[in-house]
Amino acid sequence: MKRRITTYIIISALITLLLTGALTVTILYNHHKAGVQSDVRAFGYLLKSAQETARKDSSRTDATDDPTLLPKWWSDIMEVFSQQTARSNELYRLTVIRPSGEVLYESLTDPKEMESHADRPEFIAAQLSGNGEATRGSDTISKDFYYYALKLNNNLIMRISRSMDSIWSSFSTALPALIAILLVIAVLLPIWAGWMTRRLLKPLDTLDLNAPLDNRTYPELSPLLLNIDRQQHQISVADQEMKRREREFTVLIDNMQEGLVLLDSTDSIVVVNPGAVTLQEPGYSRSELIGKHFSVLMRHPDFLLLPHTLRSRGVNVNQNITLDDRIYTVSATAIYNSRNEYTGAILLIRDTTEQAETERFRREFTANVSHELKTPLTTITGYADLLSNNMVQHADVSSIGATIAAEAASLLRLIDDIMQLSRLDENKMPTDFRVIEAGDIIAKSVAALTPQAVAAEVSLTADINEDCPVRADEYMLQQLIMNLIDNGIRYNRTGGEVRLCCWTDERGLTHISVADTGIGIPPADLPRIFERFYRVDKSHDRKTGGTGLGLSIVKHLTALFGAEIRVQSEPDVGSIFTIVFPHC
């Protein structure tokens, strides 16, 4: 900026200097020219006056038309002309012209060699009005002259002229001085321009742009400072808004369970949230991942091909990836600029393992429900057809009726269990729990299932401490305990035992355990015993009439109470189910 201002100052000064010089030359030239014209006219009138005086004194007044007599009275005129030109350094010419245009006398050359002057403008004007003037080059002398013609009283035309070379000679004399002055100016001008630039810009160098309106500087800068202040305010507001949105965006992506990754055109990571950081194996921190190639997040061929797929196929790509027994769904969206150039991508990575498991459980549950409902209904329908067609002997009617009743009861139990699980899944069970005594609920449950235990020839006992408080619902807690007791009776052996215990440990946690001496659970089946319709021994469960939903209900109710269920089991020895309730 300083260089530009300095250049503008130099150019402006030079243009001003040149214009001033040209104007000065023009004024001086016109002034000098006017002086020359004034001198020539005055000289002409002096000669005319001398001619008229000499002619009055002459004894020959008729000599006007006789050219041979001209010198007799013209000598006085020539004497005046000679004296005047002798006192001046300028070149004057005196010419006498007849009315016909013939040159009668010429002071610088032979008049006989000169052509007629009848067409000269000054000659024509003098004949018409008594005087005339003109400026032009002389073919005789080869110089520029100013001509002034006067008509004498004897009808002759007297013309006085003066060379214009004196004007230019004056300038040529002053030219070296002018050149010297210009050189000095050329040397001093950059120095002066630089000093002037620094002086002009000094207030700008000290401007406080953080508070533009507090500066004291040129009034001409006030609009600029107002604009700067207004723009700073706008920038500040925009910056605060951008920071606010950035904070909101950061909070949003930081609290996402899904992994979010933003890539640039080189497939390097620009933004990554904590959900995506946990995917990568090398163990980079969130800040260390910025700028690295996205492949560090997941070493899987389908994942590594996503950017290429985006570039070749279009805007959106969805890909399911299985890695380390987990299922991930990656939704990739390409980003294009206004010129339709690929500039990056957004990857949304969701762990859909649980969803896939839930879908699998749903399909299995649907299949199992269909099977479990179909089996008793098939039995009931078959016996009903036999009865309706009188195909059953009278002695077998009571047995068939008992079978139908048992299958109907099994069907009702299955429907009740399914309905209860549905309510638990939909969180429709009451949660306004209160502190109750677990021992009382255990005693009621044992009393309710004692007939079933006696029928199965299984001993059912309870060891209850007096103080076993839990925060739960009485009905739902009884359902939980009865399902565990029912499970222990059904999977027991003849002469086996089911024993219930309740106690409170030193931390104030209430424990309820149901131990049996039944068939036990193999270690491979332990992780799945709480799945719906999962049976360790399907043939045994079919014989005892179980629905396969009891332990699943126990798991849901335990979670609803905020409790924890623990299982210990050994094949052919028995199992222990323990529910640990939190402190009340």
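In this note's numbering, the protein residues as written are 1389 to 1972. All C-beta atoms in this analysis are idealised placements derived from N, C-alpha and C, irrespective of residue type, glycine included. Model, not experiment: these values are computed from the prediction.
Item, Value
"Any heavy atom of the ligand GTP closer than 7 Å to the CB of aspartate 1652?", "Within the structure as shown, the ligand GTP is missing, as the structure has no ligands at all."
"At the level of alpha carbons, what is the spacing between valine 1961 and threonine 1882?", "13 Å"
"Check this for me: beta carbons of alanine 1831 and isoleucine 1852, under 8 Å apart or not?", "yes"
"Measuring straight from C-alpha to C-alpha, what distance separates isoleucine 1567 and alanine 1574?", "10 Å"
"At 3 residues or longer, and completely inside the stretch 1490 to 1520: list those beta strand (DSSP E) runs for me, N to C.", "1491 to 1494"
"What is the DSSP secondary structure of methionine 1546, reduced to helix, strand or coil?", "strand"
"Near glycine 1840, which residues of its chain fall below 8 Å by C-beta distance, leaving aside the five closest residues on each side in sequence?", "The sequence shown places glutamine at residue 1840, rather than the glycine named in the question. Excluding positions up to five away in sequence, the list reads Asp1874, Ile1877."
"Taking the alpha carbon of glutamate 1467 as the point to measure from, which residue in Lys1436, Gly1884, His1419, Asn1598 has its own alpha carbon closest?", "Lys1436"
"Which two residues bound the contiguous beta strand (DSSP E) that contains aspartate 1851?", "1847 to 1852"
"In whole angstroms, what is the alpha-carbon distance linking arginine 1701 and alanine 1599?", "54 Å"
"Tell me which residues share the same chain as alanine 1903 and place their Cβ nearer than 6 Å to its Cβ, disregarding the 5 neighbours each side in the sequence.", "Arg1887, Ile1964"
"Need the endpoints of the alpha helix (DSSP H) that leucine 1692 sits in, please.", "1689 to 1692"
"Along the beta strand (DSSP E) that carries threonine 1638, what are the first and last residues, could you check?", "That residue, threonine 1638, is in no beta strand (DSSP E); its alpha helix (DSSP H) goes 1610 to 1642."
"Where does glutamine 1668 land, buried or exposed, given buried means 16+ other C-beta within 10 angstroms?", "buried"
"Which value, in whole angstroms, describes the spacing of the CA atoms of glycine 1770 and asparagine 1777?", "11 Å"
"Relative to the C-alpha of glutamine 1866, which candidate in Ala1844, Met1644, Asp1828, Glu1854 has its C-alpha closest?", "Asp1828"
"Looking only at its chain, what residues have a beta carbon closer than 6 Å to the beta carbon of leucine 1868, apart from the 5 residues adjacent to it on each side?", "Val1942, Leu1945"
"The alpha helix (DSSP H) that contains glutamine 1840, what's its start and end?", "1826 to 1843"
"What residue range does the beta strand (DSSP E) around serine 1726 cover?", "From DSSP, serine 1726 is part of no beta strand (DSSP E); its letter is neither H nor E."
"Three-state secondary structure (DSSP) at asparagine 1418?", "helix"
"Please determine, among Ala1790, Glu1885, Pro1578, Phe1821, the residue with the shortest C-alpha to C-alpha distance to valine 1834.", "Glu1885"
"For valine 1955, report the span of its beta strand (DSSP E) as first-last.", "1952 to 1958"
"Using a Cβ distance threshold of 8 Å, determine whether the stretch 1708 to 1723 contacts the stretch 1733 to 1743, with at least three qualifying pairs required.", "yes"
"Output needed for tryptophan 1891: all residues of its chain with C-beta closer than 8 Å, excluding positions within five of it in sequence on either side, in chain order.", "Asn1853, Cys1856, Thr1898, His1899"
"Between the alpha carbons of valine 1703 and valine 1649, how many angstroms are there, rounded?", "16 Å"
"Shortest alpha-carbon distance to glutamate 1952 belongs to which of Pro1959, Tyr1879, Met1870, Val1858?", "Val1858"
"Out of Asp1861, Ala1772, Val1413, Ser1683, state which residue places its alpha-carbon closest to the alpha-carbon of leucine 1563.", "Val1413"
"In the structure shown, what three-state DSSP assignment does aspartate 1739 receive?", "strand"
"Considering only the beta carbon of each residue, do leucine 1482 and isoleucine 1548 sit closer than 8 Å?", "yes"
"In three-state DSSP terms, what is threonine 1441?", "helix"
"How would you write the range of the beta strand (DSSP E) that tyrosine 1672 sits in, first residue to last?", "Neither: tyrosine 1672 is in no beta strand (DSSP E) and is coded neither H nor E."
"Between the stretch 1645 to 1660 and the stretch 1676 to 1694, can you find at least three pairs of beta-carbon atoms closer than 8 Å?", "yes"
"Terminal residues of the continuous beta strand (DSSP E) containing threonine 1898?", "1898 to 1904"
"Less than 8 Å between the C-beta atoms of leucine 1775 and leucine 1799, yes or no?", "no"
"Within the same chain, show all residues whose beta-carbon is closer than 7 Å to that of phenylalanine 1369, passing over the 5 residues directly before and after it, in chain order.", "With the chain represented from 1389 up to 1972, any question about residue 1369 goes unanswered, as that position is not in the structure."
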